[in-house]
Every structure is written in structure tokens, then in C-alpha cells.
Amino acid sequence: MKNEPLEALAAKIHAAGRVALLCHVSPDCDTLGSSLALAEAIRMAGKQAVVFSADKLTDKQMILCGAQEVVQYNPHDPGYDLGVLVDCSHPGRVGDSAQVLDKCEEVTYLDHHVPEESGEVMSGWRDVKASSAGEMMCALIHHMGVGFTSSIAANLYMAISTDTGHFSYSNTTAQTHRAAAELLEAGADSARLTEWLYRRTTVGYTRLLAQVLSTLELLHHNKVALLSCAYSWLEACGAQEGETEGMIDYARDIQGVEIAAILKEGPDGVVRVSLRSKRRVDVQKIAASYGGGGHVRAAGCTLKMPLDQAKEEMKHALCQALEM
1 MKNEPLEALA AKIHAAGRVA LLCHVSPDCD TLGSSLALAE AIRMAGKQAV
51 VFSADKLTDK QMILCGAQEV VQYNPHDPGY DLGVLVDCSH PGRVGDSAQV
101 LDKCEEVTYL DHHVPEESGE VMSGWRDVKA SSAGEMMCAL IHHMGVGFTS
151 SIAANLYMAI STDTGHFSYS NTTAQTHRAA AELLEAGADS ARLTEWLYRR
201 TTVGYTRLLA QVLSTLELLH HNKVALLSCA YSWLEACGAQ EGETEGMIDY
251 ARDIQGVEIA AILKEGPDGV VRVSLRSKRR VDVQKIAASY GGGGHVRAAG
301 CTLKMPLDQA KEEMKHALCQ ALEM
């Protein structure tokens, strides 16, 4: 069965000599691992590729093969034949890296999220049934005909694993497992990667986790769980900005909770909200009402208001969603 968006993206990459790959803000292992894997595949095809991230990587993310090559926008960089947004589809999702797009002859994307209500702003490849950008990237690299190296396999395995909750979320499908099996056969070391991603923490992370968990609020007959993190706590605890990733699961996993949220204050005062649900509520719709997006069971948005005000806003929105 033909996949025209996949074939079109592969053709654009084939025709380009220099390709810029852009990660979304607050990068996770899906956007990073997928971008780094594609960058290696492009170089194997004899072309140039650069991975951009507006935000710095965490120490844990440095296990990704080629992570040290991820760069931030530089106005002196030469132009690119093609820019590819990875794990997102709107220039507003890549932060300061959006300036790179002005130097690209053509721009496209690879994304597995539900499109924003404002609609598509460019053509690209979207597959909302895919578990992750990593799963989509497996198909793209196959189509490019370059094969999987052990480093490509490791990066894509981490991309898929983290976006599926280590293959535990409802977005995990038979195809997800088939892709993971192929990556293991290509050299991804599941035991080593799993230990690094899920079994290793820092003192700073542990202190920050204790602080964040102390903010737990249960609402609407304990069906809504809310966590928050002030930016000043990062320095006080000796933690990094990206180390809040995954903390929302502590709220989501509470028995009886249907919706969980964590509100993270940024250095600019903007509050980033992550949302999770179990069965009833489509959190993508909640996020979309604030200009965000994501999936039915996992989504996010940003609120340009003080943290305390953002908490009250989310409390109302989440409780209201349960009443609908």
C-alpha cells in the first residue's frame, strides 16, 4: 500500500543537499532521537544534516548517539535546501530555531500529533496512529534505503520507548512492537538503554521530585490530580529543566485519578502544562482550547500567566472536562 506523504518526504530529502532538522521546545527523546537518527541516515546518503534545538539537552538525553552535535540557531549559519520539523508541525513549536526556517528553501514536517485547530500551515507527513515520531522514522529510513546502524537503532528505540511509557501506554500497537523488534535486531541494547532512561536518577532530580510531589492537589472527588513546579526550585534542588519529564506519571498513576496535570514555570515566566488521562477525557481538546495539542491521552499547552493563576485556570478546565 502506497504512503504518498511518506514518499513525498523521502523524495524531498533525496533532492536536498543540506537538511536542517528542528526539534520542538522542551525536547524529549522522541524529537531528539528521531532527528539524530534521520541526520545519520541523511549523512549516510552522502548529504549534510544539522539538528537544531532551541533548548539545551539534559544530562540523561546525552546518551543519545550524536547528542553532542545538536546545536542552537546561529545567524551566521549558511542556508539549507530543506528544513524538517520533527515531532511537530508548526513553526511556533520550535522556539528560537524557527529562525532557521528563514534560511530554508523548503520546509516540511514529520509528526504523529493531532493537527492544531488552526489547520496545516505547510505540507508534510502526519500519522496520528503512530505511537511516536520514532516509529514513523523507522518507515522513512527504510524508504530511504540506507539501513539501520546500531546508533540509529538505539536512538529510535529510545524515541519509541519514551513516547510509549516503555511500551505501556494505549498508543502502543502491534506495529510499535514490530518496529522495536527490528531495532533490537539492528543493535539497540534494550537492557542498557532501559537502565539509563528509567533506572538512573540524580540527587537533584530526587530533591526536585520531593518538592513537586508536595504540591499534589486532588480535586473533583479525587479524579483530578494536579502538580506544579516553580522555576526557582530547579536551582535550589540542583536539578535541570528537563528533569521534570515523567513526574506527571506519579499523579496519573494514583488509583481513581482520571486526569493529571503538571504545570512547569519557565525562566520567562511562561507556564508549560502537560496533561494525561486514562479512559474518559480527551486531553488534546483541553490543550487545543489553549493553543496547544497532542493526543487523546497525552497533550500539552502553554499559559502566559503567573503560576498560581495558571493553576486555578487548569483546575477549572480539568474539572469542567469531567462534567461534560
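Under UniProt numbering, the first residue of the sequence shown is numbered 1, with each subsequent residue one higher. No residue lacks a Cβ here, since even glycine has one placed at the ideal position from N, Cα and C.
- When DSSP reads this structure, Glu217 sits in a beta bridge with Leu226.
- Where Ala181 is concerned, the enclosing alpha helix (DSSP H) starts and stops at Ala174 to Glu185.
- Non-local C-beta neighbours of Met122 in its own chain, meaning closer than 6 Å and more than five positions away in sequence, comprise Val107, ordered along the chain.
- For the options Asp81, Asp59, Val25 and Leu64, the alpha carbon positioned closest to that of Ile42 is the one of Asp81.
- Between the alpha carbons of Val224 and Ile286 lies a gap of roughly 14 Å.
- Proximity to Val25 across Glu241, Pro78 and Asn171 peaks at Glu241, based on C-alpha coordinates.
- Straight-line spacing of the CA atoms in Leu140 and Leu263 works out to 34 Å.
- By alpha-carbon distance to Leu32, the top candidate from Leu226, Phe52, Val19 and Arg18 is Phe52.
- In the displayed model, Asp111 falls within a strand according to three-state DSSP.
- Residue ranges of uninterrupted beta strand (DSSP E) with 3 or more members, entirely inside the UniProt domain "DHHA1" (238-322) and ordered along the chain, are 259-265, 271-277 and 298-303.
- The beta carbon of Ala210 lies closer than 8 Å to none in the same chain, with the five residues before and after it left out.
- Of all alpha-carbon atoms in Met324, Ser97, Lys304 and Tyr205, the one lying nearest the alpha-carbon of Val86 is that of Ser97.
- Straight-line measurement puts the Cα of Leu226 at about 9 Å from the Cα of Ile259.
- The C-alpha of Leu9 is placed about 13 Å away from the C-alpha of Asp127.
- In the three-state reduction of the DSSP assignment, Leu82 falls in the strand class.
- With fewer than 16 other beta carbons inside 10 angstroms of its own, Phe167 counts as exposed.
- DSSP, read as helix, strand or coil, puts Gln48 in strand.
- With contacts defined as CB atoms closer than 8 Å, Ala39 and Met137 fail to qualify as a contacting pair.
- Between the C-alpha atoms of Glu312 and Ser277 there is a straight-line separation of about 19 Å.
- Annotated as distal: Gly95 and Asp30, with beta-carbon spacing of 8 Å or more.
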